[in-house]
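*Asks:* Position in the sequence shown counted from 1, then plus 473, gives you the working numbering.
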Amino acid sequence: MRRLFPVTDQTPGPADRPAAGPTDGSAPLPAHREDREWSLDELAEAYAYPEIGPDGHWLRANMVSTLDGAAQHDGRSQPISGETDMRIFGTLRALADVVIAGAETVRQEGYRPARAREAFAARRAAAGQGPAPAIAVVTAGADLDYSLPLFTSPLVPTLLVTGAGAPSDKVAAAAKVGVEVVVAGDGAAVDPARAVRELADRGLRRQLTEGGPRLLGQFVAADVLDELCLTISPMLTAGDAQRIAGGPAVAVPHRLAPASVLEEAGFLFTSYRRI
474 MRRLFPVTDQ TPGPADRPAA GPTDGSAPLP AHREDREWSL DELAEAYAYP EIGPDGHWLR
534 ANMVSTLDGA AQHDGRSQPI SGETDMRIFG TLRALADVVI AGAETVRQEG YRPARAREAF
594 AARRAAAGQG PAPAIAVVTA GADLDYSLPL FTSPLVPTLL VTGAGAPSDK VAAAAKVGVE
654 VVVAGDGAAV DPARAVRELA DRGLRRQLTE GGPRLLGQFV AADVLDELCL TISPMLTAGD
714 AQRIAGGPAV AVPHRLAPAS VLEEAGFLFT SYRRI
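Take a look at the structure:
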């Protein structure tokens with residue numbers, strides 16, 4: 474992997490030079506421009522959350538898309554992903570307080586509880602975080618299989634984010650197995666801005682959404698998305714797969730600023746932040 478943006482210095486200094494330079498007489502590359510496997514610590518530094526004020530929160534999305542805009546193949550994101558994309562996926566999870574996903578994504582991707590990872594234990598402890606992020610499932614109908622491990626045996630209790638008008642029997646079934654119910658809407662539907670605030674009020678301020686496209690579209694429409702981490706997969710799928718964000722169009726397109734671009738094996742790992 475190598476960093477394409479930002480490039481802060483084209484001329485390698487002492488701290489940038491690799492221990493052993495090239496043997497072909499060419500100048501050594503700075504460390505950030507070397508094509509090599511990055512450690513998990515380096516990935517964690519590259520994707521660190523910005524400083525968040527005492528009353529603030531930060532919502533980032535992590536999505537993958539093919540060159541022709543497909544966010545899925547055969548209904549799942551895994552076929553268009555890759556090994557390094559999955560390492561970044563795990564890193565983003567390990568940095569978050571909460572992972573937010575729509576109910577359909579939870580079903581299709583077979584979500585399981587987030588696990589504690591030794592490689593990130595010290596970093597999470599220093600940030601005042603628990604051993605693993607919570608999973609928050611956003612749903613209007615609350616129609617989920619509450620016998621699955623995501624709900625019955627998570628390391629950190631799973632949250633159900635729903636509206637006050639969600640079916641009471643489904644909500645009761647969730648609460649019965651220890652799921653924390655977060656009401657973020659007056660009807661059955663969830664208000665995206667309220668969902669973000671409710672989670673932040675519970676101390677879950679470093680927020681990561683993994684979609685799906687409909688949920689991401691709702692966050693975009695509500696103008697609560699702070700950052701998009703988008704992997705551009707060097708693949709073409711054609712077909713009619715969803716884009717990374719769906720739903721009604723916004724009145725004026727939201728413009729983001731590039732924060733980082735990494736590359737490996739043709740995959741581009743980009744980060745764009747709110748201006």
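Glycine residues also receive a C-beta, built at the ideal position from the N, C-alpha and C atoms.
Would you list the residues sitting across from residue 680 in a DSSP beta bridge?
*Replies:* 532, 571
*Asks:* Report the option in 650, 548, 623, 654 whose CA atom is closest to the CA atom of residue 638.
*Replies:* 654
*Asks:* For the structure I just gave you, are there three or more beta carbon pairs, one from the segment 522-534 and one from the segment 694-705, closer than 8 Å?
*Replies:* yes
*Asks:* Which partner residues of residue 742 appear in the DSSP bridge assignment?
*Replies:* 704, 735
*Asks:* Give a yes or no on whether the C-beta atoms belonging to residue 604 and residue 597 are separated by under 8 Å.
*Replies:* In this structure, residue 597 lies closer than 8 Å to residue 604 by Cβ.
*Asks:* Hey, is the segment 680-688 in contact with the segment 553-572, meaning 3+ C-beta pairs nearer than 8 Å?
*Replies:* yes
*Asks:* How is the beta strand (DSSP E) around residue 419 delimited, first residue to last?
*Replies:* Absent from the structure is residue 419, since the part of the chain shown begins at 474 and ends at 748.
*Asks:* Is residue 661 closer than 8 Å to residue 690 when the C-beta atoms are compared?
*Replies:* no
*Asks:* Could you round the C-beta distance between residue 697 and residue 669 to whole angstroms and report it? I think they count as a contact, below 8 Å.
*Replies:* 5 Å
*Asks:* Please report the Cβ distance between residue 594 and residue 606, rounded to the nearest whole angstrom; I am assuming they are in contact, meaning their Cβ atoms lie under 8 Å.
*Replies:* With 8 Å as the limit, residue 594 and residue 606 do not qualify as a contact, their Cβ atoms being about 13 Å apart.
*Asks:* Considering only residues of the same chain and omitting the five flanking positions on each side of residue 563, which have a CB-CB separation below 6 Å?
*Replies:* none
*Asks:* Would residue 627 be called buried (16 or more neighbouring beta carbons within 10 Å of its own) or exposed?
*Replies:* buried
*Asks:* How about residue 658 and residue 694: do their beta carbons lie closer than 8 Å?
*Replies:* No.
*Asks:* Do you know how far the Cα of residue 546 is from the Cα of residue 590?
*Replies:* 29 Å
*Asks:* Is there contact here, the segment 572-583 with the segment 610-624, by at least three beta-carbon pairs under 8 Å?
*Replies:* As far as the Cβ criterion goes, the segment 572-583 touches the segment 610-624, which means the pair count is three or higher.
*Asks:* Is it buried or exposed, residue 685, if we count other Cβ atoms within 10 angstroms and call 16 or more buried?
*Replies:* buried
*Asks:* Hey, how far is the Cα of residue 549 from the Cα of residue 582?
*Replies:* When rounded, the separation of the alpha-carbon atoms in residue 549 and residue 582 is 6 Å.
*Asks:* Ends of the beta strand (DSSP E) at residue 634?
*Replies:* 632-635
*Asks:* If we call anything under 8 Å between Cβ atoms a contact, is residue 692 one with residue 726?
*Replies:* no
*Asks:* Is the CB-CB distance between residue 706 and residue 553 below 8 Å?
*Replies:* Yes, they are a contact pair.
*Asks:* Using the Cα positions of residue 514 and residue 600, report the straight-line distance between them to the nearest angstrom.
*Replies:* Distance from the CA atom of residue 514 to the CA atom of residue 600, rounded to whole angstroms, is 15 Å.
*Asks:* State buried or exposed for residue 516, treating a residue as buried only when at least 16 other CB atoms are found within 10 Å of its CB.
*Replies:* buried
*Asks:* Exposed or buried, which one is residue 537 when buried takes at least 16 other CB atoms within 10 Å?
*Replies:* buried
*Asks:* Going by beta-carbon coordinates alone, are residue 795 and residue 557 separated by less than 8 Å?
*Replies:* Any question about residue 795 goes unanswered here, given that the chain covers just 474 to 748.
*Asks:* Rounded to whole angstroms, what's the CA-CA distance from residue 623 to residue 656? Just pull it up for me.
*Replies:* 19 Å
*Asks:* May I have the straight-line CA-CA distance separating residue 741 from residue 723, to the nearest angstrom?
*Replies:* 26 Å
*Asks:* In whole angstroms, what is the alpha-carbon distance linking residue 652 and residue 480?
*Replies:* 45 Å
*Asks:* Along the chain, where does the alpha helix (DSSP H) containing residue 591 start, and where does it finish?
*Replies:* 591-599
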